[in-house]
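Protein chains in written order, with our numbering: chain A, 28 to 492; chain B, 28 to 492.
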């Protein structure tokens, strides 16, 4: 075991305190009420980078929430790694379902519970602690390392691409290693080599100019809930697949390599539905079908719906509006703009008389992503996991979206791998989010070894350097 | 003009202050958070009855919110009138749409704005003030008068029938005059002779045991919003009529007399949609069709829908449940139990695999009601309105529900008429509820004259007296 690894083990308690302090900051990016928490979290990251020994630490103005940058340049002849993470978190509601408050980190059964601990505060803190360990013990890193921690990932990263574009020179690197991502299953080491894209929009239907009495006006007044449910009900077929015309335009055929991995995964559909606590829906017959749906088929999910009275008892009202929040997961080939346009066109065409329609789009969206299967950085990461966890990790896709892959390729010409120590069952968009502390500890050792191996990573030619 | 009427005119300013004080009490019956307001309002009514000269004033224990009772017995040989009203009000939300706070009564343009002022605090205060005027000026009433003011009308009156049943002796009367009801239009005096019934229920669909990440689980996990919208979309046909099998069981054919009144009303559908601020929906072609929908056809209205994330921005979650609040308006012949059973059966039969269903019913519901067209009390009331407002009032039906008609007939053997001075456009289930003060003033005179005319009302034989 190297001096770096010994240092990390000896300083684990301090690392845990750092993580708790980070998790106490309510850095919800989607809700303006949390603006202060966002700024506090950005400053926390900058402070922690400086303390670890990073230089040129800076809050980058993005036009939205700031991104945090820092670097440790050891030797221009060494490869340059750009580490990515995000300090913003999902909203914590519904608050009443948390066993302990979302911003009061609490350990139970070697798990740390807090909003954002798994996505992405724990995983992003790991490389910072590893850099600190290298600098304290060896005085330098085996690679040049830059780090970019954004604050709008949970809002769809609306300013991320322009930030990359504006900072191309400073961010130039040979490989991006994302601390965001999540391992697929707690019982099976994996590397994520593909992810779905995303497009997000809110749809509001307006009826009368104000809420009306449902007795006096019932039968004659437009009811936006009725019209909205009729419209929404026509967006999927009986099997739950999106049936909006044009939605699948440009989608590529299913990826054969991922289909092969799915068959190798031998996934248990019944165990999945037992885990999430619902009976198996009819259209999904087995584990392979289920993974195809999760990894390789696009979705149009209703994330929230609201309109009218929601309190106890009865309020006999016909509401003046009803809304739904939608996110779509996209597969290879689908363009966010095309998808949003297809949905908009469909809703406009099918809007019944008596209603008006408002569509609000959130962010530019992102296309699906996949990693080059022969990428040296991917192979290095797999070797590290094999050493530490035993056995070659499974290459998997993920249903969730990591838009950064495409963005780094486009703006920096650099490929990205996902090297995260969160696990996808850690409730990171739900109440009682947690991080397995065993994975936090393994992550520290794994990143230490990965930086060592990446010393031999081939260098790109960077015009901007 | 009688001494009673002069007294009412001279004491109008005090009457208005009484009404404002009453409206300051937040007596929302559907929400337990307002329990104190409910009790305060009941005590306000009891106090005001005593001050007016009522005796045997009492808060009746109903099993729910108390009802308030009082009486003025002049002479056992005179007919006995039972006055009905309710002191509870609708919830005030959405609060941000009120120009002035709902429980801070404010006059603008000779209208008093406050939650409950039109439904039913203003209208119910009128007969109390009239009784006081009689007792102050003449020392007695031309009839025996009992009053029953309930506190659960906006919650579907769940304990009203048992309260009537338990107090049959005390409440025995020859005619019920309801201060609740509302005139149909501000420009046309009317008597309401029929109303729709009601049945209320909440429907919740549950999917997974907890909220899930819409990226990781999208495509495989059940989405209760998707399933709920599919189910709800199948409850109405393309013309907006309820298509649930069994829903119309036992419904009687359309009432010919009301159809005749509808043709006489010459109702302007385009003006209606201009007033409520929405374009005309396709299925409704003219004013007569519109009134048939409002008065004579049953509805199944969605009063509220909710599930998942409702905040700003995006939350990529698949919620564990989604709910809808439903009230149905029933026509003659429909039974609330049959209607609820038909809906429940339909939802259970059509529930897709992967979901569970919860149905919560609110109150017993009520059947549709109609007044005997030759009822002497109805004719007396029409005469009073003709005198005061000029021209015979139109006999109209109403889409809203006044369950008391059927209840008084069933438990007391007494017929009821509606003699209210609220108007149905006064936003009484919406923000900025108001009462036209001109109608408050006319109502005082009208009730004074009505009591005089009812001195000749035929007496029923009451076994319990």
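All residues carry an ideal CB built from backbone N, CA and C; glycine is no exception.
Residues that DSSP places opposite residue i in a beta bridge
i, result
"residue 226 of chain A", "A/355"
"residue 17 of chain B", "Nothing can be reported for residue 17 of chain B: it is not among the residues displayed for chain B, which extend from 28 to 492."
"residue 422 of chain A", "A/218"
"residue 389 of chain A", "A/227"
"residue 331 of chain A", "A/352 and B/335"
"residue 98 of chain B", "B/82 and B/173"
"residue 396 of chain B", "B/222"
"residue 127 of chain A", "The partner list for residue 127 of chain A (beta bridge, DSSP) is empty, contrary to what the question assumes."
"residue 3 of chain B", "Because residue 3 of chain B is not part of the residues shown, which for chain B are 28 to 492, the question remains open."
"residue 212 of chain A", "A/215"
Backbone secondary structure at residue i - three-state DSSP
i, result
"residue 89 of chain B", "coil"
"residue 263 of chain B", "strand"
"residue 110 of chain A", "strand"
"residue 255 of chain A", "helix"
"residue 119 of chain A", "coil"
"residue 270 of chain A", "coil"
"residue 51 of chain A", "coil"
"residue 475 of chain B", "helix"
"residue 232 of chain A", "strand"
"residue 240 of chain A", "strand"
"residue 250 of chain B", "coil"
"residue 341 of chain A", "coil"
"residue 57 of chain A", "coil"
"residue 384 of chain A", "strand"
"residue 449 of chain A", "coil"
"residue 492 of chain A", "Note on residue 492 of chain A: pLDDT 41, under 50, position unreliable in the model; the coordinate value appears next. In the structure shown, residue 492 of chain A sits in coil (DSSP, three-state: anything other than H, G, I, E or B)."
"residue 276 of chain B", "coil"
Any chain A beta carbon closer than 7 Å to residue i
i, result
"residue 417 of chain B", "no"
"residue 116 of chain B", "no"
"residue 342 of chain B", "yes"
"residue 136 of chain B", "no"
"residue 194 of chain B", "no"
"residue 333 of chain B", "yes"
"residue 182 of chain B", "yes"
"residue 238 of chain B", "yes"
"residue 449 of chain B", "no"
"residue 381 of chain B", "yes"
"residue 321 of chain B", "yes"
Proximity test, Cβ basis, 7 Å: residue i and chain B
i, result
"residue 232 of chain A", "no"
"residue 336 of chain A", "yes"
"residue 330 of chain A", "yes"
"residue 101 of chain A", "no"
"residue 279 of chain A", "no"
"residue 250 of chain A", "yes"
"residue 164 of chain A", "no"
Terminal residues of the alpha helix (DSSP H) in which residue i lies
i, result
"residue 366 of chain A", "363-377"
"residue 431 of chain A", "431-439"
"residue 189 of chain B", "187-193"
"residue 512 of chain A", "Nothing about residue 512 of chain A can be reported from this structure: the residues present for chain A run from 28 to 492 only."
"residue 443 of chain B", "Taken as a continuous stretch (DSSP letters only), residue 443 of chain B belongs to no alpha helix (DSSP H), being part of the beta strand (DSSP E) at 443-445."
"residue 403 of chain B", "403-416"
"residue 311 of chain B", "Note, residue 311 of chain B: premise wrong, no alpha helix (DSSP H); not H, not E."
"residue 291 of chain B", "283-292"
"residue 37 of chain A", "30-37"
"residue 297 of chain A", "296-303"
Start and end residues, beta strand (DSSP E) containing residue i
i, result
"residue 173 of chain B", "171-177"
"residue 551 of chain B", "With chain B represented from 28 up to 492, any question about residue 551 of chain B goes unanswered, as that position is not in the structure."
"residue 140 of chain A", "138-140"
"residue 463 of chain B", "461-463"
"residue 204 of chain B", "202-205"
Contact set between residue i and chain D, taken where Cβ atoms lie within less than 8 Å
i, result
"residue 326 of chain A", "The chain inventory of the structure shown lacks chain D, comprising the protein chains A and B."
Rounded Cβ spacing between residue i and residue j (contact assumed at less than 8 Å)
i, j, result
"residue 461 of chain B", "residue 144 of chain B", "6 Å"
"residue 354 of chain B", "residue 210 of chain B", "23 Å between Cβ atoms; not a contact."
"residue 69 of chain A", "residue 308 of chain B", "That pair is no contact at about 50 Å."
"residue 146 of chain B", "residue 449 of chain B", "6 Å"
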